[in-house]
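Numbering (the UniProt record's numbering), first residue to last: 1 to 290.
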């Protein structure tokens, strides 16, 4: 269980001062808990006794054990591919990769979807359906492929959707961003500085930010109106994006249904263009050659 899960599991049992402490811990997680217990208490404007009581209430024997758990998570968050492989190679039993990998990838999807708040998901879809909001989508070195996939679908569904390029020219795209526009940011460990800067610039211009990230959460979550955390760890040197892809496809399916009349009209126009360019094969129709 992640430390955040362990803390949040007991939120309803916490006193107001303990909840105040919890907010501080989550605001800059996990770095907020890596200083001394005195520093943490001061940052949260509570006593060290409150810190000790919260940790005991959430299943930690003391502050050293709590910090050890945070350090383990931080190590996971910043792991490079070689370090990731070292972990799964020694921890998992020998079996065929088809079984080992697929079982974990499917479990990631199941747990990720179970953890999505339906109200939060509906809030995302409401933003995506609003014709007065322009949609900007940003990904990184790996998540850029997911960003492009999401962009291609949203572009068919509604107008005013932009994919920020994975180059310095993204700065030009953001010149016109305005209050109420939406940034869809995709950012997973090891968390890219460029994506964070994009999020900060959009936040400063009062755009709404939606983040798709991993279980440890990109720093962008502190700026986001909606955050969707998916589990990505699998027995491989590289993480699996399958759970994030499923979340994106769920959003596409819901937005398509909410805007179906407009989607049908746009799709009909698109299909006509495809027919004129002969982009797709038409089975059952004879083709003539000149």
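All residues carry an ideal CB built from backbone N, CA and C; glycine is no exception.
Asked                                                                                                                                                                                 : Found
If you draw a straight line from the C-alpha of residue 23 to the C-alpha of residue 195, how long is it?                                                                             : 24 Å
What residues match up with residue 184 in a beta bridge as DSSP calls it?                                                                                                            : 137 and 210
To the nearest angstrom, how far is the alpha carbon of residue 148 from that of residue 163?                                                                                         : 7 Å
Under 8 Å by Cβ, that's how I've got residue 175 and residue 212 pegged, so tell me the actual separation to the nearest angstrom.                                                    : Not confirmed; about 25 Å, so no contact.
Using only CA atoms, which one of 193, 154, 61 and 50 lies nearest to residue 291?                                                                                                    : Because the chain in this structure spans residues 1 to 290, residue 291 falls outside the shown range and cannot be described.
Would you say residue 55 reaches chain B, if we count a Cβ-Cβ gap shorter than 8 Å as a contact?                                                                                      : In the structure shown, chain B cannot be found, because there is only a single protein chain.
Let me know the secondary structure DSSP gives residue 96 once reduced to three states.                                                                                               : coil
Whole angstroms are fine: how far does the CA of residue 218 sit from the CA of residue 189?                                                                                          : 7 Å
Going along the chain, which residues of its own chain have a beta-carbon closer than 6 Å to the beta-carbon of residue 123, five neighbours each way excluded?                       : 226
Quick check on the DSSP output: the beta strand (DSSP E) that includes residue 228 runs from which residue to which?                                                                  : 226-230
Using the three-state DSSP reduction, which class does residue 161 fall into: helix, strand or coil?                                                                                  : strand
Label residue 290 either buried or exposed according to how many other C-beta atoms from any shown protein chain fall within 10 Å of its C-beta, with 16 as the threshold for buried. : Because residue 290 carries a pLDDT of 38, less than 50, the predicted location of this residue cannot be relied on, and the following value inherits that uncertainty. Under this definition residue 290 is an exposed residue.
With burial defined as no fewer than 16 other Cβ atoms inside 10 Å of the residue's Cβ, what is the status of residue 288: buried or exposed?                                         : Because residue 288 carries a pLDDT of 49, less than 50, the predicted location of this residue cannot be relied on, and the following value inherits that uncertainty. The residue in question, residue 288, is exposed, as its Cβ has fewer than 16 Cβ neighbours within 10 Å.
Should residue 223 and residue 209 be called a contact, given that it needs their Cβ atoms to be closer than 8 Å?                                                                     : yes
If residue 37 and residue 48 are in contact, beta carbons under 8 Å, what's the gap, nearest whole angstrom?                                                                          : 5 Å
Is DSSP giving residue 275 helix, strand or coil here?                                                                                                                                : helix
Between residue 46 and residue 74, what straight-line distance do the alpha-carbon atoms span, to the nearest angstrom?                                                               : 25 Å
With a floor of 4 residues, list each alpha helix (DSSP H) that falls wholly inside the region 27-70, ordered by position along the chain.                                            : 37-44 and 48-57
Report, in whole angstroms, the separation of the C-beta atoms of residue 61 and residue 10, which I expect to be a contact under 8 Å.                                                : Not quite, the Cβ-Cβ distance comes to about 15 Å (not below 8 Å), so this is no contact.
Can you look up residue 142 in the DSSP assignment and give me helix, strand or coil?                                                                                                 : coil
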